[in-house]
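Numbering (the numbering used here), first residue to last: -11 to 272.
All C-beta atoms in this analysis are idealised placements derived from N, C-alpha and C, irrespective of residue type, glycine included.
Shown next, in structure tokens, is the structure this report addresses.
As structure tokens, then:
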């Protein structure tokens, strides 16, 4: 669950909703500046369902007992998330082996610096190390099957890594849309979206999505996301085929207070009606 504090309220967006938005954006990726992915169908399916494992956790929001409120997703330990996330990956493999391999790469990359996209060091937690090893092994056989002996395997693998890197960009753009208060124009200097993901109180200003490929193997660019007016988002450079995209993000609003128990917070969440946040996305 994505949880942010806005104007005396807690705003909650589920991971499956975040995935739906990522998939919708992925369907329009590509123009004269950004190469349309050859593995478009698998990418869109992977983007849409990459966080389906959170269905198990978001139906009844987890609870941050120390803060006495619904837990933000990065507040949950791996011991809680690995099992459900793995079952979500299994469900994508059941839909499509190629998309499943991309989601395997995404999951392993979360614990392994995005395979070099984000810098830093791999997560040393034993569960993370185990996930990386298992998912690396699993995606190799799945990609061999998806390739099926048609064309150069080297080209297929090259395109697969391009699709993976686009999946990471779509993930970060969608996370930004779910975390930022889009009702308020933002003119502060943009900050890397990766530096804001753990924060309940989101900083003002735009966001930077770094290391976004324009073609397989690069070059790589930095996308700048800004909010020039309420409900309007600009991206520079602009990566989509349509000159403008309109979409909605479903969220629930809860009173920002201390909840007596996980049960009380869950009841408040279930009683809250989903609301559609309307967004217009276009070039600068």
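Am I right that residue i and residue j are in contact with their C-beta atoms under 8 Å? What's the rounded C-beta distance?
i           : j           : result
residue 119 : residue 95  : 6 Å
residue 181 : residue 203 : Their Cβ separation, rounded to whole angstroms, is 22 Å, which puts residue 181 and residue 203 out of contact at 8 Å.
residue 80  : residue 116 : So it is not a contact: roughly 20 Å between Cβ atoms.
Thinking just about the alpha-carbon of each residue, which of the options is nearest to the one in residue i?
i           : options           : result
residue 201 : 61, 82, 104       : 104
residue 261 : 270, 268, 239     : 239
residue 226 : 193, 269, 254     : 269
residue 93  : 210, -3, 123      : 123
residue 234 : 257, 9, 127       : 9
residue 21  : 208, 259, 193     : 208
residue 231 : 271, 139, 38      : 271
residue 229 : 25, -5, 1         : 25
residue 259 : 66, 48, 149, 98   : 48
residue 265 : 236, 98, 179      : 236
residue 249 : 54, 152, 188, 177 : 54
I'd like to check one pair, residue j with residue i: are the Cβ atoms closer than 7 Å?
i           : j           : result
residue 32  : residue 11  : yes
residue 45  : residue 72  : yes
residue 247 : residue 57  : yes
residue 221 : residue 161 : no
residue 36  : residue 167 : no
residue 61  : residue -11 : yes
residue 336 : residue 75  : Residue 336 is absent from the model: the chain starts at -11 and stops at 272.
residue 135 : residue 127 : no
residue 241 : residue -3  : yes
residue 223 : residue 210 : no
residue 199 : residue 190 : no
residue 110 : residue 100 : yes
On the DSSP bridge list, what partners appear for residue i?
i           : result
residue 110 : The partner list for residue 110 (beta bridge, DSSP) is empty, contrary to what the question assumes.
residue 52  : 57
residue 217 : 220
If we count Cβ pairs, one from each stretch, closer than 8 Å, do we get three or more for the region 170 to 185 versus the region 212 to 227? Per the Cβ contact rule, the region 170 to 185 is in contact with the region 212 to 227 (3 or more Cβ pairs under 8 Å).
Within the chosen definition, does the region 9 to 28 reach the region 148 to 157 through at least 3 CB pairs nearer than 8 Å? With the rule of 3 Cβ pairs closer than 8 Å, the region 9 to 28 counts as touching the region 148 to 157.
Pairs of beta-carbons, one from the region 87 to 101 and one from the region 29 to 43, closer than 8 Å: are there three or more? The way I'd put it, the region 87 to 101 does touch the region 29 to 43; three or more beta-carbon pairs between them come closer than 8 Å.
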